[in-house]
Amino acid sequence: MAMSKIKKGDTVRVIAGKSKDKEGKVIAVDRKNGRVTVEGANMVTKHEKPSAKNANGGIIQQEAPMDISNVMYVHKGKPTRIGFKVDSKGNKVRFAKSTGDVIDK
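Residues 3 to 107 in this note's numbering are what the sequence shown lists, from first letter to last.
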């Protein structure tokens, strides 16, 4: 999956899976595999050995990546689809399909 409409820092709502209806910021986007990591969603338990980073080790909770099709961009509090169009200056911009507002400035 070469291009994605969701970018790092976007606010999204999870529309499928165990974290359905949760909202959060996108932490990371894996464009090659079509996956996103959302803050506070799709939490998994991980057992870590003691290391320099975590001296005690133990059980930690962290976000796991999910398929990009399971999230939807949130614009003005409502989930919406995203489209691309060329603005008056000739720049390619993202826009919210529900309202027609430009997302990227």
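For every residue, glycine included, the Cβ atom is placed at its ideal position computed from N, Cα and C.
When DSSP labels each residue in this structure, what does residue i get in the three-state scheme?
{"i": "Ile70", "result": "helix"}
{"i": "Ala43", "result": "coil"}
{"i": "Ile61", "result": "strand"}
{"i": "Gly92", "result": "coil"}
{"i": "Pro81", "result": "strand"}
If the criterion is Cβ atoms closer than 8 angstroms, does the pair residue i and residue j meet it?
{"i": "Val28", "j": "Val46", "result": "no"}
{"i": "Val38", "j": "Val73", "result": "yes"}
{"i": "Lys22", "j": "Val16", "result": "yes"}
{"i": "Lys20", "j": "Gly42", "result": "no"}
Using the DSSP secondary-structure output, state which residues sit across from residue i in a beta bridge.
{"i": "Asp32", "result": "Arg37"}
{"i": "Thr13", "result": "Lys27"}
Around the C-beta of residue i, are 16 or more other C-beta atoms found within 10 angstroms, so that it is buried, or is it exposed?
{"i": "Met62", "result": "Contrary to the premise, residue 62 reads as Ile rather than Met in this sequence. When all chains shown are included, Ile62 counts as exposed."}
{"i": "Asp12", "result": "buried"}
{"i": "Ala54", "result": "exposed"}
{"i": "Gly26", "result": "buried"}
{"i": "His49", "result": "exposed"}
contact_flag[the region 62 to 71, the region 92 to 101] where n(CB pairs < 8 angstroms) is 3 or more: no
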